[in-house]
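Asks: Protein chains in written order, with my numbering: chain D, 2 to 306; chain G, 2 to 306; chain V, 1203 to 1455; chain L, 1203 to 1455.
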Amino acid sequence: MSKVDLSVKIGTLKLKNPVLLASGTVGYGNEISEFIDLNKLGGIVTKSISLNPRKGNPPQRILETSGGMLNAIGLANVGLEEFIKSKIPFLKGYKVPIICNIAAGSIDEYVECARTLDSEEAISAFEINVSCPNVKEGGLQFGNDVNAVGTITGKVKAVTSKPVIVKLSPNGSNIIDFAKVVKQEGGDAVSAINTLVGTSFDIFTRRPKLKNITGGLSGPAIKPVALAKILEISRNVDIPIIGIGGIMSWKDVIEFMIAGSSAIQIGTLNFIDPTASIKIISELKDYCIKYGIDKLSSLTASYLL
Amino acid sequence: MSKVDLSVKIGTLKLKNPVLLASGTVGYGNEISEFIDLNKLGGIVTKSISLNPRKGNPPQRILETSGGMLNAIGLANVGLEEFIKSKIPFLKGYKVPIICNIAAGSIDEYVECARTLDSEEAISAFEINVSCPNVKEGGLQFGNDVNAVGTITGKVKAVTSKPVIVKLSPNGSNIIDFAKVVKQEGGDAVSAINTLVGTSFDIFTRRPKLKNITGGLSGPAIKPVALAKILEISRNVDIPIIGIGGIMSWKDVIEFMIAGSSAIQIGTLNFIDPTASIKIISELKDYCIKYGIDKLSSLTASYLL
Amino acid sequence: MFIIDAPIEEIIELENQIMLCKLFAPEIAKSVKPGQFVNIKVSETIAPLLRRPFSVCDVEGSFIYIMFNVLGEGTKLLAHKFKGETINVLGPLGRGFNFDGNFETAVIAAGGLGAAPFAFLVKQLSKDKKILCFVGGRTSRDVIDYGMKDVIPSTDDGSLGFKGNVVELMNDNLDLLENKRLKIFACGPTPMLRALKEFSLKNNFECEVSTECAMACGFGICQGCPIPSSEDADKNYLVCKDGPVFNVKDIIL
Amino acid sequence: MFIIDAPIEEIIELENQIMLCKLFAPEIAKSVKPGQFVNIKVSETIAPLLRRPFSVCDVEGSFIYIMFNVLGEGTKLLAHKFKGETINVLGPLGRGFNFDGNFETAVIAAGGLGAAPFAFLVKQLSKDKKILCFVGGRTSRDVIDYGMKDVIPSTDDGSLGFKGNVVELMNDNLDLLENKRLKIFACGPTPMLRALKEFSLKNNFECEVSTECAMACGFGICQGCPIPSSEDADKNYLVCKDGPVFNVKDIIL
Ligand SMILES: Cc1cc2nc3c(=O)[nH]c(=O)nc-3n(C[C@H](O)[C@H](O)[C@H](O)COP(=O)(O)OP(=O)(O)OC[C@H]3O[C@@H](n4cnc5c(N)ncnc54)[C@H](O)[C@@H]3O)c2cc1C
Ligand SMILES: Cc1cc2nc3c(=O)[nH]c(=O)nc-3n(C[C@H](O)[C@H](O)[C@H](O)COP(=O)(O)OP(=O)(O)OC[C@H]3O[C@@H](n4cnc5c(N)ncnc54)[C@H](O)[C@@H]3O)c2cc1C
Ligand SMILES: Cc1cc2nc3c(=O)[nH]c(=O)nc-3n(C[C@H](O)[C@H](O)[C@H](O)COP(=O)(O)O)c2cc1C
Ligand SMILES: Cc1cc2nc3c(=O)[nH]c(=O)nc-3n(C[C@H](O)[C@H](O)[C@H](O)COP(=O)(O)O)c2cc1C
Ligand code: FES
Ligand code: FES
Chain D
2 MSKVDLSVKI GTLKLKNPVL LASGTVGYGN EISEFIDLNK LGGIVTKSIS LNPRKGNPPQ
62 RILETSGGML NAIGLANVGL EEFIKSKIPF LKGYKVPIIC NIAAGSIDEY VECARTLDSE
122 EAISAFEINV SCPNVKEGGL QFGNDVNAVG TITGKVKAVT SKPVIVKLSP NGSNIIDFAK
182 VVKQEGGDAV SAINTLVGTS FDIFTRRPKL KNITGGLSGP AIKPVALAKI LEISRNVDIP
242 IIGIGGIMSW KDVIEFMIAG SSAIQIGTLN FIDPTASIKI ISELKDYCIK YGIDKLSSLT
302 ASYLL
Chain G
2 MSKVDLSVKI GTLKLKNPVL LASGTVGYGN EISEFIDLNK LGGIVTKSIS LNPRKGNPPQ
62 RILETSGGML NAIGLANVGL EEFIKSKIPF LKGYKVPIIC NIAAGSIDEY VECARTLDSE
122 EAISAFEINV SCPNVKEGGL QFGNDVNAVG TITGKVKAVT SKPVIVKLSP NGSNIIDFAK
182 VVKQEGGDAV SAINTLVGTS FDIFTRRPKL KNITGGLSGP AIKPVALAKI LEISRNVDIP
242 IIGIGGIMSW KDVIEFMIAG SSAIQIGTLN FIDPTASIKI ISELKDYCIK YGIDKLSSLT
302 ASYLL
Chain V
1203 MFIIDAPIEE IIELENQIML CKLFAPEIAK SVKPGQFVNI KVSETIAPLL RRPFSVCDVE
1263 GSFIYIMFNV LGEGTKLLAH KFKGETINVL GPLGRGFNFD GNFETAVIAA GGLGAAPFAF
1323 LVKQLSKDKK ILCFVGGRTS RDVIDYGMKD VIPSTDDGSL GFKGNVVELM NDNLDLLENK
1383 RLKIFACGPT PMLRALKEFS LKNNFECEVS TECAMACGFG ICQGCPIPSS EDADKNYLVC
1443 KDGPVFNVKD IIL
Chain L
1203 MFIIDAPIEE IIELENQIML CKLFAPEIAK SVKPGQFVNI KVSETIAPLL RRPFSVCDVE
1263 GSFIYIMFNV LGEGTKLLAH KFKGETINVL GPLGRGFNFD GNFETAVIAA GGLGAAPFAF
1323 LVKQLSKDKK ILCFVGGRTS RDVIDYGMKD VIPSTDDGSL GFKGNVVELM NDNLDLLENK
1383 RLKIFACGPT PMLRALKEFS LKNNFECEVS TECAMACGFG ICQGCPIPSS EDADKNYLVC
1443 KDGPVFNVKD IIL
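#1: By the 7 Å beta-carbon criterion, what residues does the stretch 1248-1264 of chain V contribute toward chain L?
#2: Could you check whether the Cβ of G/Glu256 sits closer than 7 Å to any Cβ belonging to chain D?
#3: Tell me whether V/Pro1255, by its Cβ, gets closer than 6 Å to a heavy atom of ligand 1.
#4: Quick one, are the C-beta atoms of G/Pro60 and V/Pro1428 less than 7 Å apart?
#5: Return yes when the Cβ of D/Leu21 is within less than 7 Å of the Cβ of D/Gly30, no when it is not.
#6: Can you have a look at G/Asn148 and say buried or exposed, based on whether 16 or more other CB atoms are within 10 angstroms of its CB?
#7: Output the residue ranges of the alpha helix (DSSP H) runs that lie fully inside the stretch 159-197 of chain G and measure 4 residues or longer, sorted by chain position.
#8: In the DSSP assignment, what residue or residues form a beta bridge with V/Asn1271?
#9: For a cutoff of 7 Å on Cβ pairs, would you count L/Gly1426 as touching chain D?
#10: Within 7 Å (strictly less), CB to CB, does V/Gly1293 reach chain G?
#11: For L/Ser1342, which of helix, strand or coil comes out of DSSP?
#12: On the three-state DSSP scale, how would you describe G/Ser87?
#13: Taking all protein chains shown into account, decide if L/Thr1341 is buried (16 or more other Cβ within 10 angstroms of its Cβ) or exposed.
#14: Taking only runs of the alpha helix (DSSP H) that begin and end inside the stretch 260-300 of chain D, which ones reach a length of at least 4 residues, in chain order?
#15: Within 10 Å of its beta-carbon, does D/Phe272 have 16 or more other beta-carbons around it, so buried, or fewer, so exposed?
#16: Pull the bridge partners of V/Tyr1439 from the DSSP assignment, please.
#17: Listing by chain order, which chain V residues have their CB less than 8 Å from the CB of G/Val27?
#18: If you draw a straight line from the alpha carbon of D/Thr154 to that of D/Ser120, how long is it in whole angstroms?
#19: Can you give me the start and stop residues for the beta strand (DSSP E) that G/Asn40 sits inside?
#20: Find the residues of chain D that neighbour G/Phe202, judging by a C-beta separation of less than 8 Å, and give them in chain order.
#21: If you drop the 5 nearest sequence neighbours on each side, which residues of the same chain put their C-beta closer than 6 Å to that of D/Pro19?
#22: Under 8 Å Cβ-Cβ, which residues of chain D neighbour L/Ile1205?
#23: What whole-angstrom Cβ distance do D/Gly80 and D/Leu52 have, given they're in contact under 8 Å?
#24: Would you say G/Val196 lies against chain D (beta-carbon separation less than 7 Å)?
#25: Below 7 Å between beta carbons: does that hold for G/Phe36 and G/Thr276?
#26: Considering only their Cβ atoms, is the gap separating L/Gly1390 from L/Gly1445 smaller than 7 Å?
#27: So is D/Ile129 buried or exposed if we call it buried at 16+ other beta carbons inside 10 Å?
#28: Report yes if the CB atom of D/Val165 is closer than 7 Å to the CB atom of D/Phe127, and no otherwise.
#29: With distances taken Cα to Cα, identify the nearest neighbour of D/Leu64 among L/Gly1422, L/Ala1418, L/Asn1405, L/Lys1443.
#30: Taking the alpha carbon of G/Ile74 as the point to measure from, which residue in G/Thr66, G/Asn58, G/Asp6 has its own alpha carbon closest?
#31: Indicate the three-state DSSP secondary structure (helix, strand or coil) for G/Glu65 in the structure shown.
#32: Indicate the three-state DSSP secondary structure (helix, strand or coil) for V/Asp1352 in the structure shown.
#33: Which word fits L/Pro1376, buried or exposed, when buried means at least 16 other C-beta atoms lie within 10 angstroms of its C-beta?
#34: On the three-state DSSP scale, how would you describe D/Ile240?
#35: Note down the Cα distance separating G/Val238 from G/Asp178, rounded to an integer number of angstroms.
#36: List the whole-angstrom C-beta distance separating V/Met1269 from V/Leu1222, where the pair is believed to meet the contact cut-off of C-beta under 8 Å.
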């Protein structure tokens, strides 16, 4: 029974199961820890951290859409110093792997954050967010520029021995090029996908419903797009993939793994059911038992085309 | 009461209202004519026509997703000759403007189709489909190549005096470049958006649910993406836009117009309620009356940012 | 074709997870033929987005019946509706069975929920044809013979009747079929229909089958439901418009 | 915080399009404080996707009440639920009213559905405070005073009580308020709260307001619900976690 092996590897990063909580959908873990035992998770990806605190965009920042939601949080975060001072200590109380997501407005800022955090033992890996659609600097400015993403990957790798995961944007047609450059510059894995750019207008005021005008689309609506991007990378680039985008159930996790993911992240679902990740982990185990799958990781890229 | 003016212009093309039925979601009009009076529509965009008949992809061709659907029809169509012989005569029985959508595997094939059809009086305009995600040749091969789209636009314009609308793909990050090249090469308008590339796997067989592996995502799930693309074009390029993507109600039509659309197309909704387009037209009229809007077209690009 | 809001007159569980739903739909009841189907919007929201196709199982006056299996989200929502609630029904759709032909005995072959269209067909056939029904299921609980008569059952596990599938059952009862002017009407899973095609070709039996396919529109505008023609390699039929009932010779299963 | 499947004990229409729903939710009933809210999944499908926040309107033993306005898809679906159906409730959430303070008279100011949290608050306050309720609505039908007492109403159209909004009403009744050790508890549309802020600052009244904001999670993980701090230009509070009740001085409305 308990012989099922849910563990997965992302390069040198070993996780006890493939279920991570996605950046920006779990804060720094403290609120959601009231609902679940963080130690049961494969890992937590922290809200994007930048060198200095960011207040984020003015409201309205979120909007429900059909089968999804738009957010334009604008990388609101406590900043590097406060993160080290108050957030890491909390997370240290757990054994759950922490992947620290970094967002920045310049290449140097990425490097500076990674360098500073490299000595933090509590951090298992970095996820480099080059794909936030909701800030003017950084974010998609880099996410759509293959050379910039290559440079960032290489320079961050140079200042840390921790695994470096680069989070890719689905908003271009050439995700393969980005995955290739990440691999080439020594990146350990890619996460795909961040949100799709979207907007919505109030038909009476004729103003965008989000103050930032556009936002990032997440949730089950984007699941087919995420899967297509993951498959595209998986078929063309030999790099571990962390799959993200609209996961709502254990079945979705299996689907993402088949399409090429070594691990997955749960985002929007945390808002709807903060206990969902834990339920999914136990359902994945049941699935493995029922279908005689010894190693869940054998599903990764097991597609038959 | 009846003073409300629902008519819109797309370049030289004048339509009595902004509601068109989208290519591939209404065949050549005959089946849906059992449900609605085609003459009440702003227009019909026919299923993509290619020089020779196409059988399309093998099943499974469609799949429901959360808030949307994937299709991989593969441009199944009767071919140019049969279109002229049997489909146009049917449509001639109506006064509704016919926009003939052309898909092709080569630049010459687009030109050849447009040249041949130029003499067909029943056709009011061409919509050039360079953005079908479901065929190997043509489709996205062109949709992601700015130069090819420019060449196709210019060459098609050269062989016809009818308005030429180019239907753009949402799968790239640079839709502005495409809209610009269409304008530059004399195109009369752009339609946006075609479907987003997506996929899905059967978790038991590990095979893609669609035989074609990937398909095109349509329906309300993609509405925020469509609106963002339309707004982007509208803010940057001075060309009429026909808005498409997930429209489900008259409110959505207003939203698409505010975001920059001169007219709109209804796609997936036709499958769910073939009478929806007619209801929407009458609701648009009610809306104009209620809010004292004399000319519906005044809404186009009326956003306040 | 009509699009109507049909009030649910009655909804009951026939067997575990198999529901029978009676709808007030006078226009459809008046015009539908056995083997035709309706396309139902099971919710007023976008979840699920598309309609769900169901064979018309029977007609009584102004009422139509549908019989369905609770499989996924759509059928689950439908199963939880109450008497008096209204659902939007589009139909009748497709080409039904052709049962006017020159035959004496109608042979029904139904596998599992393939039984759905036959109560209505049997009712119509009873006027002037002999009827023989072969009905298969995995276990005795899955043998659905609602509205049928002269039923010869089979089960995969042998828990009722012949042990084996419907086509094996028919083969086993070949003596009942030989030398009759008969026509087979079949509905069931594709592997069953495939086996039946072989069986009927071999024995030179006329045979019509009701097929299934993922559908978006149900009336010919999406091109989502092709089934290859056996005569013309360049041709697909549309299950929703040219079918769902086909002469088994005309299609590749 | 709990996540529970709460059976609906009763659901009634209080006024046109204003519903009162009684839920069996013992864990929440035991721990909730006036001004806190719950986040409800109104459907089991993805439509709508997110939960909907509602103030806890009242508590009776193991039951909680919510009062809501039928506005969009979510509240429409909720309004159509039946007794016995179960909905998933997350709560209690947020910071409620602070009513332990050193005051004698609690002044309630409610605009429209802003009445929602006050039945529960009034019940708690009744133990040891005097209570005065100012309740405004567009027309007499919109004056919701459920569970309140000593109500002074106002309507925009003058169809009941004072003609004008709640803050104008309070201004008009300033004599009832002056020279009292009072605290105002308010809930209503943002323009009303803004006017109230000015009114309470001018008159030096202590005032707590319950605010609203689009929410995704309701408990602090999405950062979707900021409200600017009036003291620190670089700081936002989160409505769901730091609020929804704030001292009116602390926030920019
Ligand atoms: C012409 C026609 C007539 C039909 N008549 C009946 C009937 O009388 N009674 C009945 O119970 N079912 C019938 N079906 C099948 C029925 O439409 C599906 O069972 C139903 O759509 C499933 O919906 P769902 O949301 O519950 O399942 P989903 O969540 O959509 O899917 C659940 C499972 O059902 C499968 N499925 C989905 N759609 C279809 C489909 N169109 N055909 C076959 N399998 C499908 C899926 O692959 C999946 O395994 C018919 C289908 C067609 C095309
Ligand atoms: C802390 C809090 C407590 C609340 N308490 C109550 C309550 O006790 N009773 C009650 O009736 N309502 C309350 N609301 C508002 C309630 O959450 C919304 O009315 C509800 O979410 C609308 O859902 P819908 O799907 O019907 O409407 P939607 O289709 O989502 O929207 C319909 C209309 O409602 C507006 N709306 C949507 N969400 C909100 C929101 N969060 N706040 C304000 N307006 C919104 C939209 O802009 C739109 O105009 C509260 C909101 C918050 C944040
Ligand atoms: C409210 C919200 C905030 C987010 N913030 C971040 C962020 O700070 N950094 C980041 O890399 N991704 C962020 N994301 C993107 C998610 O991590 C994830 O890539 C995306 O939501 C798709 O997954 P989902 O569909 O499961 O939500 C955010 C998403 C949401 C919904
Ligand atoms: C089944 C199906 C077939 C389609 N076929 C075509 C086509 O042949 N040519 C084309 O330009 N677009 C085609 N489209 C795209 C639609 O015209 C439209 O751009 C897209 O569906 C988005 O709109 P919607 O969300 O309203 O459906 C097709 C869409 C669907 C769903
Ligand atoms: S289901 Fe649309 S054409 Fe058959
Ligand atoms: S609603 Fe998510 S942080 Fe407040």
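Yeah, the Cβ is synthetic: ideal placement off N, Cα and C, and Gly gets one too.
Replies: From the atom records:
#1: Residues of the stretch 1248-1264 of chain V whose Cβ lies closer than 7 Å to any Cβ of chain L, in chain order: Ile1248, Ala1249.
#2: Translated into positions along the second sequence, residue 256 of chain G becomes position 255. Yes, contact with chain D.
#3: For the purposes of this step, residue 1255 of chain V is taken as residue 53 along the third sequence, with counting starting at 1. Because some heavy atom of ligand 1 lies under 6 Å away, the Cβ of V/Pro1255 counts as near it: yes.
#4: Counting from one through the second sequence, the residue named residue 60 of chain G turns up at place 59. Counting from one through the third sequence, the residue named residue 1428 of chain V turns up at place 226. Annotated as proximal: G/Pro60 and V/Pro1428, with beta-carbon spacing under 7 Å.
#5: The residue labelled residue 30 of chain D in the question sits at position 29 within the first sequence. The residue labelled residue 21 of chain D in the question sits at position 20 within the first sequence. Pairing D/Gly30 with D/Leu21 gives a Cβ-Cβ distance that is not under 7 Å.
#6: Here residue 148 of chain G refers to the residue found at position 147 of the second sequence. So G/Asn148 counts as exposed.
#7: 176-185
#8: Taking the first residue of the third sequence as position 1, residue 1271 of chain V is located at position 69. The partner list for V/Asn1271 (beta bridge, DSSP) reads V/Ile1220.
#9: As a position in the fourth sequence, residue 1426 of chain L is number 224, starting the count at 1. Taking Cβ atoms only, chain D reaches closer than 7 Å to L/Gly1426, which makes this a yes.
#10: Taking the third sequence and counting its residues from 1, the one referred to as residue 1293 of chain V is at position 91. Not one chain G Cβ lies under 7 Å of V/Gly1293.
#11: By one-based count along the fourth sequence, residue 1342 of chain L stands at place 140. Helix, per DSSP.
#12: As a position in the second sequence, residue 87 of chain G is number 86, starting the count at 1. G/Ser87 falls in the helix class under three-state DSSP.
#13: Walking along the fourth sequence from the start, residue 1341 of chain L turns up at place 139. Result: exposed.
#14: 270-273, 277-291
#15: If you number the first sequence from 1, residue 272 of chain D lands on position 271. By the neighbour-count rule (16 or more Cβ atoms within 10 Å), D/Phe272 is buried.
#16: Counting from one through the third sequence, the residue named residue 1439 of chain V turns up at place 237. Paired residue(s): V/Ile1429.
#17: One-based indexing of the second sequence puts residue 27 of chain G at position 26. By Cβ distance, chain V contributes Ile1423.
#18: By one-based count along the first sequence, residue 154 of chain D stands at place 153. By one-based count along the first sequence, residue 120 of chain D stands at place 119. Their Cα atoms are separated by approximately 19 Å.
#19: Sequence index remark: in the second sequence, residue 40 of chain G carries index 39 (1-based). Element bounds for G/Asn40: n/a, residue is neither H nor E.
#20: What you label residue 202 of chain G is simply residue 201 of the second sequence in a count that begins at 1. The answer, in chain order, is Leu228, Glu256, Ile259, Ala260, Tyr304.
#21: To locate residue 19 of chain D, count along the first sequence from 1; it is residue 18. Excluding positions up to five away in sequence, the list reads Val9, Gly43, Ala264, Ile265.
#22: Taking the first residue of the fourth sequence as position 1, residue 1205 of chain L is located at position 3. The contacting residues are Phe36, Asp274, Pro275, Thr276.
#23: Translated into positions along the first sequence, residue 80 of chain D becomes position 79. Translated into positions along the first sequence, residue 52 of chain D becomes position 51. Yes, they are in contact, since the Cβ atoms of D/Gly80 and D/Leu52 sit about 7 Å apart, within 8 Å.
#24: Looking up residue 196 of chain G in the second sequence gives position 195. Before going further, note that residue 196 of chain G is Thr rather than Val in the sequence given. No, G/Thr196 lies away from the interface with chain D (no Cβ there is under 7 Å from its Cβ).
#25: Taking the second sequence and counting its residues from 1, the one referred to as residue 36 of chain G is at position 35. Taking the second sequence and counting its residues from 1, the one referred to as residue 276 of chain G is at position 275. Yes, they are a contact pair.
#26: The residue given as residue 1445 of chain L occupies position 243 in the fourth sequence. The residue given as residue 1390 of chain L occupies position 188 in the fourth sequence. Against a cut-off of 7 Å, the Cβ pair of L/Gly1390 and L/Gly1445 comes out as no contact.
#27: If you number the first sequence from 1, residue 129 of chain D lands on position 128. Under this definition D/Ile129 is a buried residue.
#28: Taking the first sequence and counting its residues from 1, the one referred to as residue 165 of chain D is at position 164. Taking the first sequence and counting its residues from 1, the one referred to as residue 127 of chain D is at position 126. Going by C-beta atoms, D/Val165 is nearer than 7 Å to D/Phe127.
#29: Position 63 of the first sequence, counted from the first residue, corresponds to residue 64 of chain D. Closest option to D/Leu64, Cα to Cα, is L/Ala1418.
#30: Start at 1 with the first residue of the second sequence, and residue 74 of chain G comes out as number 73. If we check each option's Cα against that of G/Ile74, G/Asn58 comes out closest.
#31: In the second sequence, the residue the question calls residue 65 of chain G occupies position 64. In this structure, G/Glu65 counts as strand in the three-state DSSP scheme.
#32: Translated into the one-based positions of the third sequence, residue 1352 of chain V becomes position 150. In the structure shown, V/Asp1352 sits in coil (DSSP, three-state: anything other than H, G, I, E or B).
#33: For this step, residue 1376 of chain L is matched to residue 174 along the fourth sequence. In the sequence on display, residue 1376 of chain L carries Leu and not Pro. Burial call: exposed.
#34: Translated into the one-based positions of the first sequence, residue 240 of chain D becomes position 239. In the structure shown, D/Ile240 sits in coil (DSSP, three-state: anything other than H, G, I, E or B).
#35: As a first step, residue 238 of chain G must be located in the second sequence, where it is residue number 237. As a first step, residue 178 of chain G must be located in the second sequence, where it is residue number 177. Approximately 9 Å between the Cα atoms of the pair.
#36: Translated into the one-based positions of the third sequence, residue 1269 of chain V becomes position 67. Translated into the one-based positions of the third sequence, residue 1222 of chain V becomes position 20. Confirmed, Cβ separation roughly 5 Å.
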